[in-house]
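Chains as they are written, first to last, in our numbering: chain A, 1 to 222; chain B, 1001 to 1222.
All C-beta atoms, glycine included, are put in the ideal place defined by N, C-alpha and C.
All of these numbers come straight from a predicted model, not from anything done at the bench.
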DNA sequence: TAATTAATACCCATTATTGGGTATTCGATA
DNA sequence: TATCGAATACCCAATAATGGGTATTAATTA
């Protein structure tokens, strides 16, 4: 075992021989399953779990972790917010996204944020363990599937991303609010909302509302 | 231990003390996790797993199982097809759906099909074990969340189903065709399409296009 | 500091959607 | 045969959405 994982061995002993993992997923059954999976390894131990972002944040404030593994889609708050918060609270923490089926946009967002590993739930469980080994070793891990998602995304012009305000409006559209209602909700003029809609349709290459809704579904803005 | 699970004890011994479970999910990581979860119980053992419907069907043809646990959404074929096939090949098999977030329509479809248990991935893992105990005991198990999904579905009058023509039009709407285009495609007047749209909105209780698209997604008309 | 971007708001006009009706024809069912 | 559901088609009118612009302000970035 001498020298495994490079220079992390000594650190390891100090940490009672197991890296402490915080596991976050809003599906308890899956959470329990992944926990067993990780705990059956030699090097990693899930010391805490959470089924929502809020309680995960509480844990990060009060407990020490080496690794944070989190789902992306979790109700109001996403894994994105959680990771940002975690990096502030514990700068040394390594982060791994364990997600379902993500769009190029989301993958890019998270990589830009500096996640250390990215694994899909449709990957093999060896991927998960490989990711853990890589990130504790200071490297980055992307599963093959994620790599291909990124390749998918390169052909589209970079200017296709919606601004925060535009995303906000898309979300309200999907919630079945009309232009007039959205204007009231956001305390802005109806004309402004119309302008936003026009820009959104152009950016997302949608020819009408229906196409936009489908875009929203595909890009997890629902 | 005498008499546990009613009269299934003797049967149990014959089966080498563990119920044989086939576990099907197209997400390997989740599959591995659930497998560990079930195998850590006293009574159940996952003897085979599959990550797609086709190979699950192969297994059902060649191996004996007491229980089939399957996801619903799995690429081309759904858990629905798998369950129908399993009931034919092994009439005594008990079936449990382990699914993500299902609409009343899907839940109803599966219950009509005669699934023995229904658990959501967002349920606790105790739900899964409770479901296993119930179904091996000849009873039916629905998690609380499923029960409430069903209750959601009952308030709508039974006459809410769309006619074939209406469904056809919904599908064209979702394909981003306008009223005018739909009229051309179906060789009918634009007024007729408008009438259909009105009736569709009324029947589906949709206040606008967006709501209708969401209805279509939920009811698999996409 | 200059240039760019995001958010705001308006002008023009056209097309699409929605909501309230009524009515006819055809085929199936009671 | 009488009734009903489904598909067809129209009336009228109001509201919503789309497509083409331009423009101002604040903030950020080069």
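Rounding to the nearest angstrom, what Cα-Cα distance links residue i and residue j in this structure?
{"i": "residue 1068/B", "j": "residue 1024/B", "result": "8 Å"}
{"i": "residue 169/A", "j": "residue 1216/B", "result": "22 Å"}
{"i": "residue 1116/B", "j": "residue 83/A", "result": "40 Å"}
{"i": "residue 254/A", "j": "residue 200/A", "result": "Look at the range of chain A in this structure, 1 to 222, and you will see that residue 254/A is not part of it."}
{"i": "residue 1221/B", "j": "residue 1161/B", "result": "12 Å"}
{"i": "residue 1111/B", "j": "residue 1051/B", "result": "23 Å"}
{"i": "residue 1173/B", "j": "residue 1185/B", "result": "12 Å"}
{"i": "residue 203/A", "j": "residue 166/A", "result": "10 Å"}
{"i": "residue 224/A", "j": "residue 1092/B", "result": "As shown, chain A starts at 1 and ends at 222. That puts residue 224/A outside it, with no answer to give."}
{"i": "residue 95/A", "j": "residue 1164/B", "result": "50 Å"}
{"i": "residue 1003/B", "j": "residue 64/A", "result": "Here the model assigns residue 1003/B a pLDDT of 40, short of 50, so the residue's position is not dependable, and the following value carries that caveat. Using only the alpha carbons, I get a separation of about 47 Å."}
{"i": "residue 1035/B", "j": "residue 209/A", "result": "43 Å"}
{"i": "residue 1177/B", "j": "residue 1054/B", "result": "35 Å"}
{"i": "residue 1022/B", "j": "residue 1105/B", "result": "26 Å"}
{"i": "residue 1306/B", "j": "residue 109/A", "result": "An answer regarding residue 1306/B cannot be provided, because it is not within the stretch 1001 to 1222 covered by chain B."}
{"i": "residue 81/A", "j": "residue 181/A", "result": "28 Å"}
{"i": "residue 1113/B", "j": "residue 1017/B", "result": "29 Å"}
{"i": "residue 175/A", "j": "residue 1175/B", "result": "20 Å"}
{"i": "residue 1187/B", "j": "residue 187/A", "result": "45 Å"}
Quickly, what does DSSP pair residue i with across the bridge? List them, please.
{"i": "residue 1050/B", "result": "1024/B"}
{"i": "residue 95/A", "result": "68/A"}
{"i": "residue 117/A", "result": "96/A, 141/A"}
{"i": "residue 19/A", "result": "44/A"}
Can you list, in chain order, the residues of its chain whose CB lies under 7 Å from that of residue i, leaving out five sequence neighbours each side?
{"i": "residue 79/A", "result": "70, 71, 72, 97"}
{"i": "residue 206/A", "result": "212, 215"}
{"i": "residue 1089/B", "result": "1060, 1061"}
{"i": "residue 26/A", "result": "51, 52, 71, 74, 75"}
{"i": "residue 129/A", "result": "41"}
{"i": "residue 143/A", "result": "118, 119, 120, 123, 127"}
{"i": "residue 1103/B", "result": "1218, 1219"}
Ordered along the chain, which non-local residues of its own chain (more than five positions away) have a Cβ less than 8 Å from that of residue i?
{"i": "residue 1183/B", "result": "1189, 1190, 1192, 1193"}
{"i": "residue 19/A", "result": "12, 43, 44, 45, 66, 67, 132, 136"}
{"i": "residue 107/A", "result": "118, 146, 149, 150, 153"}
{"i": "residue 1179/B", "result": "1190, 1193, 1194, 1197"}
Within the present structure, is the beta-carbon of residue i separated from the nearest heavy atom of the ligand ADP by less than 6 Å?
{"i": "residue 1047/B", "result": "Looking at this structure, you won't find the ligand ADP or any other ligand, since it has none at all."}
For residue i, which residues from the same chain have a beta carbon less than 6 Å from its beta carbon, with the 5 sequence-adjacent residues on both sides left out?
{"i": "residue 1057/B", "result": "1085"}
{"i": "residue 1100/B", "result": "1121"}
{"i": "residue 134/A", "result": "141"}
{"i": "residue 87/A", "result": "none"}
Spell out a yes or no on whether the region 1118 to 1126 of chain B and the region 19 to 35 of chain A are touching, meaning 3 or more CB-CB pairs, one atom from each, closer than 8 Å.
Yes, they touch.
Take every Cβ of the region 71 to 78 of chain A, pair it with every Cβ of the region 1071 to 1078 of chain B, and state whether three or more of those distances are shorter than 8 Å.
Taking 8 Å as the limit for Cβ pairs, the verdict is that the region 1071 to 1078 of chain B does not touch the region 71 to 78 of chain A.
The region 1135 to 1153 of chain B: positions lying closer than 8 Å to chain A by Cβ:
Among the residues of the region 1135 to 1153 of chain B, none has a Cβ less than 8 Å away from any Cβ of chain A.
Three or more C-beta pairs under 8 Å: does that hold for the region 1138 to 1151 of chain B against the region 39 to 48 of chain A?
Contact between the region 1138 to 1151 of chain B and the region 39 to 48 of chain A is absent, because fewer than three Cβ pairs lie under 8 Å.
Report the residues of the region 1171 to 1185 of chain B with a CB closer than 9 Å to any CB of chain A, ordered along the chain.
Those residues of the region 1171 to 1185 of chain B that come within reach of chain A (Cβ to Cβ, closer than 9 Å) are 1173, 1174, 1175, 1176, 1177, 1178.
Just by C-beta distance, which residues in the region 1192 to 1219 of chain B are closer than 8 Å to chain A?
Answer set for the region 1192 to 1219 of chain B: 1207, 1208, 1209, 1210, 1211, 1213, 1214, 1217.
Using a Cβ-Cβ cut-off of less than 9 Å, list which residues of the region 106 to 124 of chain A approach chain B; keep chain order.
Within the region 106 to 124 of chain A, the residues whose Cβ lies closer than 9 Å to some Cβ of chain B are 119, 120, 121, 122, 123, 124, listed in chain order.
Counting only Cβ-Cβ distances shorter than 8 Å, please list the residues of the region 37 to 71 of chain A near chain B, keeping chain order.
Those residues of the region 37 to 71 of chain A that come within reach of chain B (Cβ to Cβ, closer than 8 Å) are 37, 40.
According to a CB-to-CB cut-off of less than 7 Å, which residues of the region 1016 to 1038 of chain B neighbour chain A?
Under the 7 Å Cβ criterion, the region 1016 to 1038 of chain B contributes 1026, 1027, 1028, 1029, 1030, 1032, 1033, 1034, 1036, 1037.
Residues in the region 69 to 98 of chain A with C-beta within 8 Å of chain B's C-beta atoms, listed in sequence order?
Interface annotation for the region 69 to 98 of chain A against chain B: 98, criterion Cβ-Cβ distance under 8 Å.
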